[in-house]
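>
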Amino acid sequence: MRLTTSTLLLATLARVSTAQFARFVPPSDSSITYRVNVPASTANSGSGPIFFQITGPSSKQWIALGQGQRMAGAHIYVVYADGKGNVTVSPRLGTGHIEPQFNSDARVTLLAGSGIVNGQMVANVRCDNCLQMANVRATDSRSTWLFAVKDGDPLDSTSTSAEISQHDNNGLFVFDLTQATGGNSANPFVAAAPSPSSARTGTGSNPTSNPSGAPSSPSDTAAGNYDSGSDSESSGAVSIVVTDTARMLKIHGILMGLAFAVLFPLGAIILRLLPSPHKVHIHMAVQFIAFILAIAGLSYGVMLAEDFALLKNKHPVIGMIVMGGLFFQPIVGLIHHWLFKVKGKRTILAYIHTYWGRALMILGIINGGLGLQLANNTSGGKVAYAVVAGIMGGTWLASAGVYYARGGSKAALAAREAERKETASDGENGTR
Ligand code: HEM
Ligand code: HEM
Ligand code: HEM
Ligand SMILES: *[C@@H]1O[C@H](CO)[C@@H](O)[C@H](O)[C@H]1NC(C)=O
């Protein structure tokens, strides 16, 4: 008897060892975990069932996973307590920023291992037509998903169309489904499911060194692992790659905001106000650094826009125009500076560099505001951006005004001429 159970268990583990999960833990709430598995047969044939698992504390009224790029059009699976120690999975269709309604087309089955144990809700789900309904390829390396969660008392409803109220937290993320492919188990979660009790402690994570033979739990200290962007669940059998959209957005916003609202204006202010003969070189260096940060930020912006089908949106379009236009700015600046040194006077390039640069920088600063709007950033975030951009942009435009008030390029040329004579006579003095 003992022997058969452990043989069975070993067989299960062996089978599961080929099952892979893509895992997502929201950076804003590490108590929740989503896992997705695409069985090998589904990946090979291009259609068939997928498995997903939703776990989180029972202090959540509901926890949802969705396929899509935003609420509108998303295929959503909401999990809540059924009042009998188990959970209800409610398939729904998102139509906008309103309560998603029951989707009778979805073929979802709650599997063994589901339930509410020790304050943890676990939903192990097989969905026979999720990929097809959402029109997602089984091998999509950048499939887009949504999550949302609501705190509160249990709904305790077995109805799949229970009334739910708006989330406290939501977000978007990307799964590489090729990293979620493997296994042909009828329930890949039976061995890999976090047994709710050990999930939080993170023990018993290695099945081979787990003497009790209890179902192994991936150590769910995901918040810590998370920073690497990818991690392997410690069962050794499961590898997870997650692209964290929230973090990509943050990096994009910070890099772009730093470049356009802080550094580009700073470089222009330095050029006009710094009483130093090196101001052109400092301007050059600051603008170069800003440009490099902006190029790095751009790559995140393009990925986000591609994933969430936003490339034709106002913000990305203006952003790409600005970044494309900036490409010539350092080149024109350098040639202008070089000609200036050779000829001792400004060429048309100075005007091109100055006015082109101003137009793009102003457009870029405004575009940051549009980005915050697009990303639905908090009003605090918007105010912070407006204050920083306002102070830096205002100081920059004022410094340009000061420059013209002082006589603009004529005064600058005269000063430069005087400087040159001085250094020249210094040199003469030196050699005599
Ligand atoms: C009663 C039900 C719901 C209501 C009234 C509602 C309402 C809203 C509203 C007003 C927004 C925009 C403001 C914000 O970001 O908070 C939003 C965004 C969002 N909601 Fe919901 N929601 C509901 C259910 C759900 C469910 C079940 C999901 C499951 C995944 C979800 C996922 C999202 C996501 C990912 C966003 C951000 C992307 C987007 O704007 O579409 N929502 N929702
Ligand atoms: C992406 C990179 C750059 C940007 C965005 C940029 C932007 C600007 C802007 C906006 C101004 C006018 C400042 C004002 O409002 O009064 C300016 C002036 C100037 N820039 Fe740049 N710049 C860049 C790179 C360079 C480089 C690489 C050089 C090479 C030395 C350079 C040299 C100059 C000079 C000499 C001026 C003064 C033009 C004049 O008034 O005669 N810039 N730049
Ligand atoms: C002048 C250049 C740009 C600036 C200053 C800028 C700035 C920003 C900022 C501040 C945010 C909000 C970040 C947050 O709320 O955490 C944002 C969001 C975003 N940006 Fe940009 N960005 C620029 C160019 C671009 C480009 C070229 C693209 C794509 C081609 C792009 C795509 C996006 C997307 C897709 C979002 C968020 C969408 C969402 O979450 O719904 N941005 N941007
Ligand atoms: C919850 O329901 C599923 C599917 O019917 C079942 O396999 C599982 O054992 C149930 N869990 C509990 C704790 O009753």
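Quick note on numbering: the sequence shown equals residues -19 to -1, 1 to 413 in mature numbering (1 follows the signal peptide of the UniProt record, and there is no 0). The C-beta atom is built at its ideal place from N, Cα and C for all residues, glycine as well. As the structure is a computational prediction, the values presented were derived from the model and not from experiment.
Any idea which residues DSSP pairs Y281 with across the strands?
Its beta-bridge partners do not exist; DSSP assigns none.
> Is there at least one non-hydrogen atom of ligand 1 closer than 8 Å to the beta-carbon of F128?
Result yes, Cβ under 8 Å from ligand 1.
> How would you call F308, buried or exposed, if buried means at least 16 neighbouring beta carbons within 10 angstroms?
exposed
> Determine the DSSP secondary structure at M52, reduced to helix, strand or coil.
coil
> State the Cα-Cα distance for the pair G350 and C111, rounded to the nearest angstrom.
37 Å
> Tell me which residues share the same chain as V243 and place their Cβ nearer than 6 Å to its Cβ, disregarding the 5 neighbours each side in the sequence.
M373
> I need the residues with a C-beta less than 5 Å from some heavy atom of ligand 4; please give them in chain order.
N67, L91, A93, S95, G96
> So, helix, strand or coil for P311, using DSSP?
helix
> Output the boundary residues of the alpha helix (DSSP H) element that contains L236.
226 to 238
> Excluding five sequence neighbours on each side, which residues of the same chain lie with their C-beta closer than 7 Å to the C-beta of N165?
P20, A21, S22
> Is A45 helix, strand or coil by DSSP?
strand
> Return the Cβ separation of D10 and V130 in integer angstroms, given the expectation that the two are a contact with Cβ distance under 8 Å.
6 Å
> For Q354 and A381, what's the separation of their Cα atoms in angstroms?
Straight-line spacing of the CA atoms in Q354 and A381 works out to 29 Å.
> Would you mind listing the beta strand (DSSP E) stretches within the stretch 92 to 144 that are 3+ residues and don't spill past its ends, in chain order?
96 to 98, 101 to 108, 124 to 132
> Please report the distance separating the alpha-carbon of I251 from that of W377.
9 Å
> Which of the three DSSP states, helix, strand or coil, is assigned to I13?
coil
> According to DSSP, is N151 helix, strand or coil?
strand
> Taking 9 Å as the cut-off, decide whether the C-beta atoms of I44 and M102 are in contact.
yes
> From the DSSP secondary-structure annotation, give me the bridge partner or partners of Y61.
T69
> Here's the rule: buried if 16 or more other CB atoms are within 10 angstroms of the residue's CB, otherwise exposed. What is L292?
exposed
> Considering Cα atoms alone, identify which of D109, Q147, R123, H264 is closest to S28.
D109
> Closer than 6 Å by C-beta to residue 414: which residues in its own chain qualify, once you throw out the five before and the five after it? Chain order, please.
Coverage of the chain is limited to positions -19 through 413, which leaves residue 414 absent and any answer about it impossible.
> Is the distance from the Cβ of N168 to the Cβ of N105 below 9 Å?
yes
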